[in-house]
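The block underneath contains the structure these notes are about, expressed in structure tokens.
4 protein chains.
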Amino acid sequence: MTPPPSVLGQNQYGKAETRVVKVTREGRTHHLRDLNVSIALSGAMERVHHAGDNAHVLPTDTTKNTVFAFARKYGIDTPEDFGILLARHFVETQEAIHTARVRIEEYAWDRIEPGPDQRRFIGAEEIGHSFVRRGQEIRTAQVTYDGQDFEVLSGLRELTVLNSTASEFRGYAKDEYTTLAETDDRVLATSVTAVWRHSWSGDERPRPHWDRSHQQARGHMLRSFAETYSRSLQQTLFQMGSRVLAKRHEIDEIRFSLPNKHHFLVDLEPFGLSNDPEDGGVYFAADRPYGLIEATVLRDGATARIPEELTSP
Amino acid sequence: MTPPPSVLGQNQYGKAETRVVKVTREGRTHHLRDLNVSIALSGAMERVHHAGDNAHVLPTDTTKNTVFAFARKYGIDTPEDFGILLARHFVETQEAIHTARVRIEEYAWDRIEPGPDQRRFIGAEEIGHSFVRRGQEIRTAQVTYDGQDFEVLSGLRELTVLNSTASEFRGYAKDEYTTLAETDDRVLATSVTAVWRHSWSGDERPRPHWDRSHQQARGHMLRSFAETYSRSLQQTLFQMGSRVLAKRHEIDEIRFSLPNKHHFLVDLEPFGLSNDPEDGGVYFAADRPYGLIEATVLRDGATARIPEELTSP
Amino acid sequence: MTPPPSVLGQNQYGKAETRVVKVTREGRTHHLRDLNVSIALSGAMERVHHAGDNAHVLPTDTTKNTVFAFARKYGIDTPEDFGILLARHFVETQEAIHTARVRIEEYAWDRIEPGPDQRRFIGAEEIGHSFVRRGQEIRTAQVTYDGQDFEVLSGLRELTVLNSTASEFRGYAKDEYTTLAETDDRVLATSVTAVWRHSWSGDERPRPHWDRSHQQARGHMLRSFAETYSRSLQQTLFQMGSRVLAKRHEIDEIRFSLPNKHHFLVDLEPFGLSNDPEDGGVYFAADRPYGLIEATVLRDGATARIPEELTSP
Amino acid sequence: MTPPPSVLGQNQYGKAETRVVKVTREGRTHHLRDLNVSIALSGAMERVHHAGDNAHVLPTDTTKNTVFAFARKYGIDTPEDFGILLARHFVETQEAIHTARVRIEEYAWDRIEPGPDQRRFIGAEEIGHSFVRRGQEIRTAQVTYDGQDFEVLSGLRELTVLNSTASEFRGYAKDEYTTLAETDDRVLATSVTAVWRHSWSGDERPRPHWDRSHQQARGHMLRSFAETYSRSLQQTLFQMGSRVLAKRHEIDEIRFSLPNKHHFLVDLEPFGLSNDPEDGGVYFAADRPYGLIEATVLRDGATARIPEELTSP
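In structure tokens form, the structure reads like this:
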């Protein structure tokens, strides 16, 4: 008996992780954009899966070439703008491609200049072509285009923050496996992964100022993390998300994945030492296991579209 | 003007990456199961997000304790069985928890014994308590329970395979950015990430033999990779998926994420050397960028349920 | 025939990677030091190796406890001072321990405060207990004590820098395997690993101001990287080292490991595009292989003591 | 006042991590060697450091090309033989190069074939061009040539082994910071990094059979780990080293770096559960901190030459 036939479901392909660096010169002052670009194309791809017929398959090598060529032809204004250019290109020039998704990571660079303390000793001014990688969080963007609408997700990951007080964890549910002691003064630390969706969906409306929007959303998350007296990481998460939505009208939805980077107060009693946070605590920064808090915060009336798995570790 | 209120969307929380090792002794012969368990719980969690009220929040520390306690009370038959135990427990014992998802990675260990060649020299027999970590792929399982039905996804990742011939790439679409040369003899290599969904959804039907099912699915993927004369990685992917569905009736859906680990034939002409694969090729194994081919293969009539992002890098 | 006996050579043991975070409170302003401490002890350890006799073995668990207890008792002024405290303790309190080496990594945190641009929008002041991990380079320190002298090595790693011009590579040796084209305008980028040795060896002389010394050495490296018109990465390395030695009299020796993080100018001619750096180049940031330049720079008359392998990747 | 001049110390340069895969065909049966090759050259390099004069600098790009060309011209018999070829080449053809060091990692591949259990179901035979990466330990080799003598170090890393009993830790030194409880039945696990030095130093003597030597050394380490009733990891280390030296006369020295991968018996008493290892223990596999045991074992009369840092994490 022949087994029942298999059916092709959702599928996509493209070149992942093309590392493109664009230098722009304004006289002796240079500017950098340093991206990692991943292309995923979908469409009429049955024949290649069923029979290895590549007639509809634009090579992944070509998608890589296009990234480099577009960086030269159009420059890289922002990750979002660059993603829009690329996504539109593939859908509009390849009949078999119905949807294009462009994912971008951006690595930030600062100019090398003397710090406040070094200026006295070194005395030199900034040099316009010298940079040091900032190394903090990674900025992310994802642009999807289906021939009609764009969906633009901006985000960041690996933004590690810590409050050394103003965090407690009490009044939780208990069962027979609960041994955790309540605390009213703990370290709260997390490495923020956040993705937010812009309401903008096409050039009939003006585009957001992507860089400013990103900088502001990041700033509001940081301030909200710092200013919230936290009874749980969930509460902090919701505060961060609500503040971004309240302050940034171009954003309709935001999703967070927040690992609880546990800092355990070390028990120093066996050594005759107190370890009271009030008095300057000593903590063990643990790796695994870790709590993981994930949630979406939506503008009232908006539809949730950010996939749950997108932000997961 | 007050900004419109924010709404809580999908959310989940729990302890991620509890590393539990269970040793079972049968006389002097020991057995190991070595797991990394991540719990994610969802339910009536508005109050903790909105107000930091933890009354419905079973601590993530408790979910960790439960993993260890259950390993002792019930043992670990398979990752899937262990996930079913845990998922059911949280939903059935905590009223506020409506859905539990348990993700497990398993690391395989082999017994230390002399290889065929060493037996002559060493002469010793296996020792029942000594193991060497296999180190090849990681086995994965995900069990979700919503109080009614279970969904069990099995899988693996980091299974790296290579065909040194029997692969070509020709007849593809070309545009102005296409420079790739066609080839009829290339190395095809990938690191397989695969997740497959079992039709089993609860104990009204007998459970699959999870270990055997996994071993067989893995074997069929490997054989299919090896036996397919490949005109594209998409074709190979579909062959791998179809074969698993044809041979394993307990599986309804399978999704792959296959990076094309490029092995480029090195141009040795500048050194007066040929580099014909027929004659033993020299290849450069590249890191980035890489092609990335992702697709779901479904049993005819089945509904696709494996999230696209679940298998992505 | 009995095989000739084996002899124990250099050996050391201890607890690696104890992650200790010390919070100090000054009213509502908190301070953080976030360290990763690894202890290695050597001495009269024949019996434990030969016969499993642990009488001379202070458990590695105890060395971990000591790290936490000392953080509470003495605080953490600088990584170097903390290393000196710990190294002296083990040698002076355990007769069998003749040498102690303490390696420390430090992770920097900045306060969360509004950036220049956000201040207008957000208006809030800094909160004294909220931090964001800087994420740039990792500061390192290694203190060795043999009961007589201390040796203090300070350093850093993962400080990634880039010059987008003012770098060439020409006039090099050529053989039959040379295909590289000369260039007079390339991107020069590296991820600096540097370790430097202080002349200070004990408290008969005043200790350097470790934090200031580190900050200044780092600044001089950065400035030197930026200001050098580079004909080779070796030349840049030597400039960086010489400047540190010239400006910082407390330092006698410095060793660098500088991967040449290649940024290749993309060939865009097939697409009818120029790619002239003068006009804003597009580069491919490559991963592997990479050039690797390593060297020690010494104050004239000083003895080289930093092991070559210490800075290698 | 001019600062005293700086002096160039030990230095080396070359291309790191050239990923070369060589396929050899014997009819339809193919063979793979998959290497990661790093070249480091030293010699008369003052002028490039002091003045950026590259006349003595063979480009790192050329060393990469040489790796590929030699793989084609001479094949890759073993990592050690390939390293000897390359090291000799650079010293003998470049007058300014006085010493060449070649480091190689090798990744092992197995043929895809049905396992014992699958043969019944699948029935197919092995296909000569299909491979699965073994994924266990990485084999290493380092060849140094100074124009006179070769030094060959073979080794491995990431060979993870575990004994689920036959390990204790008692009778250790105690001080005021000691809280560890003694145990007579613990899990002992480590990830072996080992490097051993061959006495062979040039072709006036026959070369060892490198592959067999490696396989045997690895086998003796594994057997020794399994067969030793361990009172400390130091004792196990010395047994492993002694056995390799006793059984393999071509090896004069071996150095190990053995992290103690702690598996802590979980305290299940709060849940009314025993957790007696005799009865099948439940362990928490910890990440950090970890004990780290490092030592050299020497043939009596041999000189220690393996740098301490070479094997360190």
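Chains as they are written, first to last, in the numbering used here: chain S, 144 to 456; chain V, 144 to 456; chain Z, 144 to 456; chain C, 144 to 456. For every residue, glycine included, the Cβ atom is placed at its ideal position computed from N, Cα and C.
Helix, strand or coil at P402 (chain C) according to DSSP, with G and I counted as helix
Taking the first residue of the fourth sequence as 1, we reach residue 402 (chain C) at position 259. Residue state, collapsed to three classes: strand.
Closer than 7 angstroms, Cβ to Cβ, to anything on chain C: give me those residues from the region 424-453 of chain Z, in chain order.
R431, P432, Y433, G434, L435, I436, E437, A438, T439, V440, L441, R442, D443, A447, P450, E451, E452 and L453
Hey, quick one: how far does the alpha helix (DSSP H) through N208 (chain C) stretch, first residue to last?
Numbered from 1 along the fourth sequence, position 65 holds the residue referred to as residue 208 (chain C). Here the alpha helix (DSSP H) through N208 (chain C) covers T203 to Y217.
Against P413 (chain V), what residues of chain A qualify as contacts under a CB-to-CB distance less than 7 angstroms, listed in chain order?
In the structure shown, chain A cannot be found, because the protein chains are S, V, Z and C.
Please classify D410 (chain S) as buried or exposed, where buried requires at least 16 neighbouring CB atoms within 10 angstroms.
For the purposes of this step, residue 410 (chain S) is identified with residue 267 of the first sequence, where counting begins at 1. Per the 10 Å Cβ criterion, exposed.
Hey, is E393 (chain S)'s beta-carbon within less than 8 angstroms of any beta-carbon in chain C?
Walking along the first sequence from the start, residue 393 (chain S) turns up at place 250. Not closer than 8 angstroms to any Cβ of chain C, the Cβ of E393 (chain S) fails to qualify, so no.
I'd like to know whether the C-beta atoms of V338 (chain S) and L151 (chain V) end up nearer to each other than 8 angstroms.
Here residue 338 (chain S) refers to the residue found at position 195 of the first sequence. Here residue 151 (chain V) refers to the residue found at position 8 of the second sequence. Contact flag unset, no.
Could one say the Cβ of E301 (chain C) lies closer than 8 angstroms to chain S's Cβ atoms, at least one of them?
For the purposes of this step, residue 301 (chain C) is taken as residue 158 along the fourth sequence, with counting starting at 1. Chain S contact via Cβ: absent.
Would you call the region 203-215 of chain Z and the region 158-168 of chain Z touching, i.e. three or more CB-CB distances under 8 angstroms?
yes
Burial state of Y372 (chain C), where buried means 16 or more other Cβ atoms lie within 10 Å:
As a working mapping, residue 372 (chain C) is identified with position 229 in the fourth sequence. Exposed, since its Cβ has fewer than 16 Cβ neighbours within 10 Å.
What are the residues that DSSP puts in a beta bridge with K165 (chain Z)?
As a first step, residue 165 (chain Z) must be located in the third sequence, where it is residue number 22. DSSP output for K165 (chain Z) lists S:V425 and Z:R176 as bridge partner(s).
According to DSSP, residues forming a beta bridge with V387 (chain Z):
In the third sequence, counting from the first residue as 1, residue 387 (chain Z) sits at position 244. According to DSSP, which records beta bridges pairwise, V387 (chain Z) is partnered with nothing at all.
Between Z:D422, Z:H193, Z:R246 and Z:A445, which lies nearest to T206 (chain Z) when the distance is taken from Cα to Cα?
Translated into the one-based positions of the third sequence, residue 206 (chain Z) becomes position 63. Taking only the C-alpha atoms, the option nearest T206 (chain Z) is Z:R246.
Straight-line CA distance for I394 (chain C) to D430 (chain V)?
Within the fourth sequence, numbered from 1, the residue matching residue 394 (chain C) stands at position 251. Within the second sequence, numbered from 1, the residue matching residue 430 (chain V) stands at position 287. The alpha-carbon atoms of I394 (chain C) and D430 (chain V) are separated by roughly 35 angstroms.
Among residues of its own chain, excluding the 5 on either side of H174 (chain V), which ones have a beta-carbon nearer than 6 angstroms to its beta-carbon?
Residue numbering aside, residue 174 (chain V) sits at position 31 when the second sequence is read from its first letter. T167, listed in sequence order.
Grab the span of the alpha helix (DSSP H) containing I227 (chain V) for me, first residue to last.
Taking the first residue of the second sequence as position 1, residue 227 (chain V) is located at position 84. Looking at the DSSP string, the run of the alpha helix (DSSP H) that includes I227 (chain V) is P222 to T236.
Length of the line joining the Cα atoms of T209 (chain S) and Y320 (chain V):
Counting from one through the first sequence, the residue named residue 209 (chain S) turns up at place 66. Counting from one through the second sequence, the residue named residue 320 (chain V) turns up at place 177. Distance between the alpha carbons of T209 (chain S) and Y320 (chain V) is about 6 angstroms.
By the three-class DSSP mapping on this structure, what secondary structure does D410 (chain C) have?
Taking the first residue of the fourth sequence as 1, we reach residue 410 (chain C) at position 267. Of the three classes helix, strand and coil, the one that applies to D410 (chain C) here is coil, per DSSP.
Along the alpha helix (DSSP H) that carries W252 (chain V), what are the first and last residues, could you check?
Locating residue 252 (chain V) in the second sequence gives position 109, counting from the first residue. First-last for W252 (chain V): W252 to R254, but that is the beta strand (DSSP E), not the alpha helix (DSSP H).
Take the Cβ of S417 (chain C) as the centre, count every other Cβ of all protein chains shown within 10 Å, and call the residue buried at 16 or more, exposed below.
Taking the first residue of the fourth sequence as position 1, residue 417 (chain C) is located at position 274. By the 10 Å Cβ count, S417 (chain C) comes out exposed.
Assuming Q359 (chain C) and R391 (chain C) form a contact by the criterion Cβ under 8 angstroms, report the distance between their Cβ atoms to the nearest whole angstrom.
Along the fourth sequence, one-based indexing puts residue 359 (chain C) at 216. Along the fourth sequence, one-based indexing puts residue 391 (chain C) at 248. Indeed they touch by this definition, with Cβ atoms about 6 angstroms apart.
With 7 angstroms as the limit, tell me which residues of the region 336-361 of chain V have their beta carbon closer than that to any beta carbon of chain C; keep them in chain order.
Q358 and Q359
Alpha carbon to alpha carbon, how far is P402 (chain C) from Y426 (chain S)?
Position 259 of the fourth sequence holds residue 402 (chain C). Position 283 of the first sequence holds residue 426 (chain S). Answer to the nearest angstrom: the Cα atoms are 23 angstroms apart.
Could you give the distance in angstroms between the alpha-carbon of I265 (chain V) and the alpha-carbon of I281 (chain V)?
Counting from 1 along the second sequence, the entry for residue 265 (chain V) is found at position 122. Counting from 1 along the second sequence, the entry for residue 281 (chain V) is found at position 138. Because I265 (chain V) carries a pLDDT of 48, less than 50, the predicted location of this residue cannot be relied on, and no value is offered for it.
If the criterion is Cβ atoms closer than 8 angstroms, does the pair F293 (chain S) and V335 (chain S) meet it?
Counted from its first residue, the first sequence places residue 293 (chain S) at position 150. Counted from its first residue, the first sequence places residue 335 (chain S) at position 192. Against a cut-off of 8 angstroms, the Cβ pair of V335 (chain S) and F293 (chain S) comes out as no contact.
Find the nearest neighbour of A159 (chain S) within the set S:T172, S:D177 and S:L184, judged by alpha-carbon distance.
Mapped onto the first sequence, residue 159 (chain S) falls at position 16. Here the closest residue by C-alpha is S:L184.
Let me make sure I understand the geometry here. Which of Z:E256, Z:E248 and Z:N306 has the alpha-carbon closest to that of F274 (chain S)?
As a first step, residue 274 (chain S) is located in the first sequence; it is residue number 131 there, counting from the start. For the residues Z:E256, Z:E248 and Z:N306, the minimum Cα distance to F274 (chain S) belongs to Z:N306.
Taking 8 angstroms as the threshold, find out whether the region 283-297 of chain C comes into contact with the region 234-246 of chain C through three or more Cβ pairs.
yes
Check the DSSP bridge columns for T287 (chain S) and list the partner residues they point to.
Stepping through the first sequence from its first residue, residue 287 (chain S) is reached at position 144. Its beta-bridge partners are S:R244 and S:E294.
Cβ atoms of H193 (chain Z) and F381 (chain C): under 8 angstroms apart, would you say?
Against the fourth sequence, residue 381 (chain C) aligns to sequence position 238. Against the third sequence, residue 193 (chain Z) aligns to sequence position 50. Their beta carbons are under 8 angstroms apart, which means F381 (chain C) touches H193 (chain Z) by this criterion.
Report all residues from its chain with a CB closer than 7 angstroms to the CB of G271 (chain Z); omit the five preceding and five following residues, and keep chain order.
As a working note, residue 271 (chain Z) is residue 128 in the third sequence. Cβ neighbours of G271 (chain Z) beyond the five flanking positions: R171, T172 and H173.
Cβ-based burial, D253 (chain C) [other Cβ within 10 Å; buried from 16]
As a first step, residue 253 (chain C) is located in the fourth sequence; it is residue number 110 there, counting from the start. Exposed, since its Cβ has fewer than 16 Cβ neighbours within 10 Å.
Excluding the 5 residues flanking T203 (chain V) on each side, which residues of the same chain have their C-beta closer than 6 angstroms to its C-beta?
For the purposes of this step, residue 203 (chain V) is identified with residue 60 of the second sequence, where counting begins at 1. Here the set comprises G157 and K158.
Starting from V164 (chain S), find everything on chain Z with Cβ-Cβ shorter than 7 angstroms and list it in chain order.
Locating residue 164 (chain S) in the first sequence gives position 21, where the first residue counts as 1. Within chain Z, the residues near V164 (chain S) are H406, Y426 and A428.
Contact belief for L299 (chain V) with T283 (chain V) at Cβ below 8 angstroms, rounded distance in angstroms
As a first step, residue 299 (chain V) must be located in the second sequence, where it is residue number 156. As a first step, residue 283 (chain V) must be located in the second sequence, where it is residue number 140. Contact holds; Cβ gap of about 6 angstroms.
8 angstroms contact criterion, which R448 (chain V) and L388 (chain V) should meet: CB distance rounded:
Residue 448 (chain V) sits at position 305 when you count from the first residue of the second sequence. Residue 388 (chain V) sits at position 245 when you count from the first residue of the second sequence. With a Cβ gap of about 15 angstroms, R448 (chain V) and L388 (chain V) do not count as contacting.
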